[in-house]
Every structure is written in C-alpha cells, then in structure tokens.
Amino acid sequence: MATMEDFICQDLIEREDDGKIYYPAPAEDDTDETHCLYVLNTILSGTARLNVLLPSATILAFTIFAPLLTNDGKCGPLNRWLMGFFMALSAASCVFLSLTDSFRSATGRLYYGVATLNGIWTFNGGRKQPRVPSDYRLRWTDLFHVSLSLIAFLTFAAVHFDVVACYYPAMPRKVTNTVPLVVGFVISVLFVLFPSRRRGIGYPFLLQKDALHCRS
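Residues 16 to 231 (the working numbering) make up the sequence shown, in order.
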C-alpha cells in the first residue's frame, strides 16, 4: 500500500523529468503581513520623532519666559515690546533649528552645520565637508518642514494664557483651548507622513544611523 512519502517522491520525480525547477509561490498572506508591518513601523518611527521635528525646545523656553516678560499677563508698553521681540527671536530659532543638519567624517567625528543652496555650511567655518555635499543642500521639502515648525510655534505662542491677557484679552476661551489641539494634531500627522531627513541639533545620537531616514 502506497504511503504519503511514496506520493511525495513520485511527485518530485515527475517534476525533475520536466527539466524545470519549481519553487513554491509566496503566500499572499505573508506579503500582506510584511507590507502592513512596514507601514506600521514607518508610522511608529515617525511618531517617535515628533519631539525632534516639532519645536519642543523653543516652546519650552517660551513657556518659561512668557510669564516673566508679560508680568503674568499684566502688560505695560515695555512688556509688549519685550514679548514681541522674544516671540520673533523664538520664531527665528525654529527656522534655524529646522535647517541644521549633521554628517560624520571618515574618522567617525560628528559635524553640525546649516543647509544652504550649495550644500551644508559647518559651524567650524565651512572647512569640513561631507563626501557628497549635494545631498545636504537646501530643498523645497525643507521649506515645507520649516513652515510646519513655524506654524506650530506661533499657534502655541499666540494662544498662551499670558500672551492672550497681554495683547487680546477679549479672545474667547474656547478658541484658546481648541485651536492648539487642532493645529498640533494636523501638523503632527503631516510630520509623520512626510518626515524630515535632516539630523540637526537636538536629533538623538542613537538614531543617527536609522536606515529609514537615511539619504539615498
């Protein structure tokens, strides 16, 4: 009586007689699962970088100094000027930090600089350059990320309690509570979907070799 092994051997002999090699087709479920895992990993990886992409440090500094500069919302002319100057300075820092980048030399040393139209200008006077400077030049996507960072900061700063009390105390409380949440959510989604490849000041050292955000 033929066993299961005999049937398997007979099938292999028939396949060899054809002169062709047959490989099992990949299961569709495995392909779909791999694609889903890649998408999930991309989303989680982008979400983990929100603290880097969003102007967290600038917002923290603004939160600390805003009550001091506005006298807890009881502003005089000098307080308004100081608050306006500090807000403009903070906005400029958002733009600057969004355009910073880094690279490693042949010896493994890490260099920081600012993206320009010609490449990256390092903080040591531009003397050290990466192997492919064109990979670090300013692009249209950088302006997109700068705009998102700037909008996020200005939205938070404009509806800060002390700023509202100083400049426009009649603004409804519902607006100050709702607008930052909506704007923050939209900008966070855009950052996750279209992440920046810049690894500038504040980028975690352990993520410097992340393959997902490496330049092609």
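By construction, the Cβ of each residue, glycine as well, lies at the ideal position given by its N, Cα and C atoms.
Where does L125 sit, in a helix, a strand or coil, going by DSSP? strand
Beta-bridge partners of F118, as assigned by DSSP: Y126
Please name the residue, chosen from P184, V194, L196, R213, that lies closest to D87 on a Cα-to-Cα basis. P184
Check whether the Cβ atoms of T131 and R152 sit closer than 8 Å, and answer yes or no. yes
Going by C-alpha to C-alpha distance, which of H160, F80, L84 sits closest to L205? H160
Do you know whose CA, among T85, L112, Y126, lies nearest R146's CA? Y126
Count the C-beta pairs between the stretch 194-205 and the stretch 104-122 that are closer than 8 Å, then say yes if the count reaches three, no if not. no
Looking only at C-alpha atoms, which of P148, A121, G134, A167 sits nearest to M102? A167
Please report the distance separating the alpha-carbon of D150 from that of N192. 41 Å
Residue closest to I74, alpha-carbon to alpha-carbon, out of R95, A121, L104: L104
Terminal residues of the continuous beta strand (DSSP E) containing I135? 135-137
Please report how far the alpha carbon of R188 lies from the alpha carbon of G99, in whole angstroms. 22 Å
Okay, do the stretch 113-120 and the stretch 88-97 touch, 3+ Cβ pairs below 8 Å being the bar? no
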